[in-house]
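**Student:** My questions will all concern the structure given below.
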Amino acid sequence: MSHVILEAREVSFGYSSSLVVQDVSLQVQAGQMLALIGPNGAGKTTLLKILAGLLKAKHGEVIAPIPRAKRVAYLSQSEALPLEFTVQEIVAMGRLPHQGLLGANSLEDSKQVFLAMQRTDITQFANRRIHNLSGGEKQRVTLARALAQNPEVLLLDEPTNHLDLAHQAELLEVLALEISRGLSVIMVVHDLILASRANSIALLHQGKLERIGTPNQVLEIELLERVYQTKLERLTTADGRTIVITR
Ligand code: ADP
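Under my numbering, the first residue of the sequence shown carries the number 1, and numbering increases by one thereafter.
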């Protein structure tokens, strides 16, 4: 039986007086992936930051594992990595929430850093400086840093942006393995084909939750055409997945 691991209850937020996230309730269960979709400006990134604890909801609440800094990892959309560090040093930064004031590396820290690099297949770059790496390789490094934190929930903001098809597939493979080990993932994605791989999808529109449910329930043509304001087509893949593409 899976259980709810992170939940938003009627969460609202505004940067100024107007709300950009309004009364949103959603949850993700252990070992599941929730995709967050919706047009630009719908409030996806803002909602993810609220779930991560980086922004505080004006109304409503987030029920997350405690302490959130250790147990929930957040990977933002575009992050400037410190170029002078090696790959291993950057991955080790994922351990910071677990370390005391002295910041000493424990055996557990070294083990988690090693495992994270292995799972994202970057061990061979361990001693390279980050500025020598390609975009896809850097993406794997930031994912490794998040995994090194050994979180229960991973919040990802468009992790497949800037990745070619092979690297997208690789990333999804790494995530699928972690999910099978019990990790929960909430992922903001633009690509509705990627979204269809999630266990459930939440569709945001103008700050409000339009619908949440299985891919089949959310990937509905009339609903999506209205929200995205474009003509779409729904297809079924050979393995029975529902996908939506632009017409
Ligand atoms: P999405 O991720 O779905 O594109 P965002 O959460 O980034 O949406 O943005 C939702 C709304 O909040 C948009 O209207 C955006 O302009 C506004 N917004 C986002 N970040 C800020 C900010 N730091 N200050 C003020 N307004 C912001």
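Quick reminder that beta carbons are idealized off the backbone N, C-alpha and C, glycines included.
Taking the alpha-carbon positions, what's the Leu83 to Val91 distance?
**Tutor:** 13 Å
**Student:** Flag this pair as yes or no: are the beta carbons of Thr242 and Leu219 separated by less than 8 Å?
**Tutor:** yes
**Student:** For Gln27, which residues of its own chain have a beta-carbon under 6 Å away from its beta-carbon, when the five flanking residues on both sides are left out?
**Tutor:** Taking Gln27 as the centre and dropping the five residues before and after it, the same chain places the C-beta of Val4, Glu7 closer than 6 Å to its C-beta, in chain order.
**Student:** Buried or exposed: Lys138, going by 16 or more other Cβ atoms within 10 Å of its Cβ?
**Tutor:** buried
**Student:** CA-CA distance, Ala249 and Glu233?
**Tutor:** Residue 249 falls outside the range modelled here, since the chain spans only 1 to 247, and no answer is possible.
**Student:** Any heavy atom of the ligand ADP inside 7 Å of the beta-carbon of Thr160?
**Tutor:** no
**Student:** Would you tell me roughly how many angstroms separate the C-alpha atoms of Ala116 and Pro97, rounded to the nearest one?
**Tutor:** Rounded to whole angstroms, the gap between the alpha carbons of Ala116 and Pro97 is 16 Å.
**Student:** Which runs of the alpha helix (DSSP H) spanning at least 4 residues fall entirely within the segment 55-100, listed in chain order?
**Tutor:** Look at the segment 55-100 and you find these whole runs of alpha helix (DSSP H), each 4 residues long or longer: 68-71, 87-92.
**Student:** Give every residue of the same chain whose Cβ lies closer than 6 Å to the Cβ of Gly38, excluding the five residues on either side of it in the sequence, and list them in chain order.
**Tutor:** Lys44, Leu203, Leu204, His205
**Student:** Tell me whether Thr246 sits in a helix, a strand or coil according to DSSP, three-state version.
**Tutor:** strand
**Student:** Could you tell me which of Ile201, Gln229, Ile122 sits nearest to His167, measuring between CA atoms?
**Tutor:** Ile122
**Student:** So what does DSSP say about Lys208, is it helix, strand or coil?
**Tutor:** strand
**Student:** Could you give the DSSP three-state label for Asp251: helix, strand or coil?
**Tutor:** Residue 251 falls outside the range modelled here, since the chain spans only 1 to 247, and no answer is possible.
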